[in-house]
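Notes follow the structure.
Dropping the structure here:
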């Protein structure tokens, strides 16, 4: 699947192309494991394209996600005695939950 936005009149906009595939739906449909294939390598490309598609990255507060998204996904899997620690841990996240198996 690919997102192709309408052409922009701004000359500052640079072409960026990504393809993605949902690998697994998680948490009753509230989130998913997604594979991204970048055809170009723009800064924050995955984050920007995910926001454009309305599927922000887990914990990415700059591009539309929230830390509460991470909590809502993880809390049902954690015993109530550990939820306070989980809340503290998630509040300390400084980056979105974006991990690459391989780059290049």
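Residue numbers (my numbering): 5 to 108.
Don't be surprised by glycine CBs; every beta carbon is placed ideally from N, CA and C.
Of the residues assessed, residue 27 falls on the exposed side of the cut-off, its CB having fewer than 16 other CB atoms within 10 angstroms. A Cβ-Cβ separation of about 6 Å places residue 64 in contact with residue 51 under the 8 Å criterion. Between the C-alpha atoms of residue 17 and residue 89 there is a straight-line separation of about 42 Å. Each residue's CA atom was taken as its position, placing residue 21 and residue 84 some 42 Å apart. If you draw a straight line from the Cα of residue 73 to the Cα of residue 58, it is about 14 Å long. Around the Cβ of residue 33, a 10 Å sphere holds fewer than 16 other Cβ atoms; the residue is exposed.
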